[in-house]
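Novice: This is the structure I have questions about; it appears just below.
In the UniProt record's numbering, the protein residues as written are 1 to 165.
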């Protein structure tokens, strides 16, 4: 899809935690490299790295440097006033990323069990965190509850559609 779109429109692709995604296996790395060779037109690919607190930026590995030759280091502002605002925004962004990760984990577990949930977005942030931590244990009970309380269960594309309630 990306290759086709890049021929007609500008594209920005963002890959979060690029080391985890691309260095997971040689096959993934090779497929990404081949896709890069096929891209044409205006394409900007950004890859980010997740560093542990207190860990200085560190070196980018050789394989990543071949794919991403430009390295932009982001440092906190030196001005104290800007630093407070920057830290608050960073904290808020980290919470949002955690929320998205939790929701993605829930979706993956549901998909692995041939389940779909249309109203997953209605679950609040705090409940999403708890649910994500115990989704493997909860899914069986949720299916049992849903089937006992639903007269005509809905199936879509071979998956049982359950409610978040």
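The beta-carbon is built from N, C-alpha and C at its ideal position, and this holds for glycine as well.
#1: How about residue 23 and residue 29: are their beta carbons less than 8 angstroms apart?
#2: Count the other CB atoms within 10 Å of the CB of residue 36; is the residue buried (16 or more) or exposed (fewer)?
#3: Express the C-alpha separation of residue 97 and residue 66 in angstroms, rounding to a whole number.
#4: Could you check the C-alpha separation between residue 32 and residue 111 for me, to the nearest Å?
#5: Of the residues 8, 145, 4 and 103, which one's Cα is nearest the Cα of residue 119?
#6: Compare the C-alpha of residue 38 against each of 18, 44, 62 and 3 and name the closest.
Specialist: To lay it out plainly:
#1: Here the question's residue 23 lines up with position 23 in the chain shown. Here the question's residue 29 lines up with position 29 in the chain shown. In contact: residue 23 and residue 29 (Cβ atoms closer than 8 angstroms).
#2: Your numbering for residue 36 matches position 36 in the chain shown. So residue 36 ends up on the exposed side.
#3: Here the question's residue 66 lines up with position 66 in the chain shown. Here the question's residue 97 lines up with position 97 in the chain shown. In a straight line, the C-alpha of residue 66 is about 27 angstroms away from that of residue 97.
#4: Mapped onto the chain shown, residue 32 falls at position 32. Mapped onto the chain shown, residue 111 falls at position 111. Roughly 25 angstroms separates the two Cα atoms.
#5: To locate residue 119, count along the chain shown from 1; it is residue 119. Proximity to residue 119 across 8, 145, 4 and 103 peaks at 103, based on C-alpha coordinates.
#6: For the purposes of this step, residue 38 is identified with residue 38 of the chain shown, where counting begins at 1. Taking only the C-alpha atoms, the option nearest residue 38 is 3.
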